[in-house]
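Numbering (my numbering), first residue to last: 2 to 507.
Note that CB positions come from ideal geometry on N, CA and C, so glycine has one too.
Keep in mind that this is a model prediction, so the values were computed, not measured.
Take a look at the structure below.
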Amino acid sequence: MTAASAYRPVVLCVLDGWGIAPDGPGNAVTRAKTPHLDALFGRYPHAKLDASGRAVGLPDGVMGNSEVGHLTMGAGYISYQELVRVNDAIDDGSFFENAALRAACATVRERGTLHLLGLISTGGVHADMKHLAALIGLAKRERVARVVVHAFLDGRDMAPRSALGLLPRITAPIATVHGRYYAMDRDKRWERTELSYDAIVDGKGTRADSATAAVERCYEDSSCSDELMKPHVVRDGAPMQDRDAVIFFNFRPDRARQLTWALTQKDFDGFARARVPRDLTFVTLTEYKVGVPGVKAAFAPAEVVPMAQVLSEAGLKQFHAAETEKYAHVTYFFNGGREPPFPGEERILVPSPKVATYDLRPEMSAAGVADTVVNAIEGGTYDFAIVNFANPDMVGHTGDFEATRAAMAATDDAVGRVVDAALAAGGCVIVTADHGNAEELLFPDGSRNTQHSMNPVPVVFVARDGDRFSLRDGGLRDIAPTLLTLLGLPVPDRMTGRSLLQPRAL
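Shown next as structure tokens:
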């Protein structure tokens, strides 16, 4: 594409929550007045992109979201999320060769105890029982003499009283059982964490003959649920000793950090610990925080070198803009989980309106966001710009059909202004979305649907000579290679996506 390098600026316009679905009474995309978008579809090449499930690194059948959508667009390849990575490792057998997990087992092969800590759940939000079963299998394979489970009950991402159906599936002895309210607090309510710490480390707490007996006792109180059950010690428990090994099998870090810090950090001051086990081999399934002393992650995050870094290293100038609700997505997530901007990158945040729910102001701050981008384009400084319009998603989450139609209309006007400015400057625009939402506001039974969808999203290539190209269908990972091609830059080998642009035979 010899003329690609002539495009300046190249603009990526993300319409958050703008998906493709058949026209119907719940489709605020097709039912909205969007003359600018309609004109783009009528004149310029367009296609559809997968934006959910494995296409954005999530399990099959899981709807996409703004975080993984922008991460995938910026990375140029599929960065598989922790749940998928661990599941795939179990399925292909590499889980059982994992160096960190095997090292934990080796530490206590002949003496000591392997403590398996985590949420007992099939909800797939913080932990998965498949991972616990694999760890127990690994311990047997590695001939670990003593394995115990410290079971944290869910009741939040699952039914409030579902533990009795799950605990019998655990094939290793259960030493303690806790509601996640205590063991997985993330709000620095250290008195909750302390109760779980005492049960795990010192075997201190309410006694029960079995984990199921503890749960049954909880259920005798109508106000008690799995989540809220106080920590119980099963018989004598399994007090944690010096040089024991611990594997915390929650894959999501936020609710695993407090207990991890209490068990591992010398300078911990959340509460006074009666006893601190020394020289633990402590492994977390995924990385809970970078550089924590004494803690090893079995599945460390893969390094992402995003498109924004490629542009910076090439000496190009870039502009990232959004309103408050989606600012992190065009910065932190699009940049591969990096907080500070790259050299040559400027960011503009436009405040979102202060309303209780966005159906009260469906236009949100789209006009202000468009103003900043138009000014940036007309200034002639930037080679690339990314802009997010939050309206279809944030108003779609209210489930209000008429408000979401209005949100689409406001977005349409903003997109029209950005496109006009880019074309006038000799640039081009890729218009797409990170996931669906606004196109599917009703469930089949007619009730409001306020969640994201599994639908593909549109992609349109807008340029004065846009008719020279066609677009193929693809996925969000193809966005970065397409943009780099338009900027006249080589696509790095690590980007497994491919340009969506196909020259049209003249």
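- The residues 347, 377, 383, 386, in chain order, have a CB closer than 6 Å to that of residue 320 in the same chain once the five nearest residues on each side in sequence are set aside.
- In this structure the region 392-407 lies against the region 358-365, because at least three pairs of beta carbons, one per stretch, are closer than 8 Å.
- Cβ atoms of residue 116 and residue 149 come within 8 Å of each other, at about 6 Å.
- Between the alpha carbons of residue 494 and residue 480 lies a gap of roughly 15 Å.
- Ranked by Cα distance from residue 80, the first of 496, 500, 447, 502 is 496.
- When secondary structure is reduced to three states using DSSP, residue 51 falls in the strand class.
- Assigned with DSSP and collapsed to three states, residue 171 falls in coil, not helix or strand.
- Cβ neighbours of residue 369 within its own chain (closer than 6 Å, five residues either side excluded): 351.
- Using a Cβ distance threshold of 8 Å, residue 15 and residue 484 do not count as a contacting pair.
- Cα atoms of residue 464 and residue 262: separation of roughly 53 Å, rounded to the nearest angstrom.
- DSSP places residue 467 in the helix class (H, G or I) of the three-state scheme.
- By the CB criterion at 8 Å, residue 101 and residue 299 fall inside the cutoff.
- Take residue 17, set aside five residues on each side of it, and the residues of its chain with a beta-carbon closer than 7 Å to its own are 67, 327, 389, 390, 391, 393, 394, 434, 435, in chain order.
- Contact between residue 120 and residue 182 does not hold, since the beta-carbon distance rounds to 12 Å and is not under 8 Å.
- According to the DSSP assignment, residue 385 belongs to no alpha helix (DSSP H) but to the beta strand (DSSP E) extending over 385-390.
- Where residue 148 is concerned, the enclosing beta strand (DSSP E) starts and stops at 148-154.
- If you ignore the 5 residues before and after residue 288, its C-beta comes within less than 6 Å of the C-beta of 298, 301, 302, all in its own chain and listed in chain order.
- Note that the C-beta distance between residue 178 and residue 216 is below 8 Å.
- Residue 454 has 437 as its beta-bridge partners, per DSSP.
- Here residue 454 is buried, its C-beta having at least 16 other C-beta atoms within 10 Å.
- Take residue 108, set aside five residues on each side of it, and the residues of its chain with a beta-carbon closer than 6 Å to its own are 246, 282, in chain order.
- The DSSP-derived three-state label of residue 248 is strand.
- Under a 10 Å Cβ-count criterion, residue 379 is classified as exposed, with fewer than 16 other Cβ atoms of the shown protein chains found around its own Cβ.
- Fewer than three pairs of CB atoms, one per stretch, sit closer than 8 Å, so the region 443-451 makes no contact with the region 54-74.
- Around the CB of residue 291, fewer than 16 other CB atoms lie within 10 Å, so the residue is classed as exposed.
- Bounds of any alpha helix (DSSP H) do not take in residue 324; it lies within the beta strand (DSSP E) bounded by 319-324.
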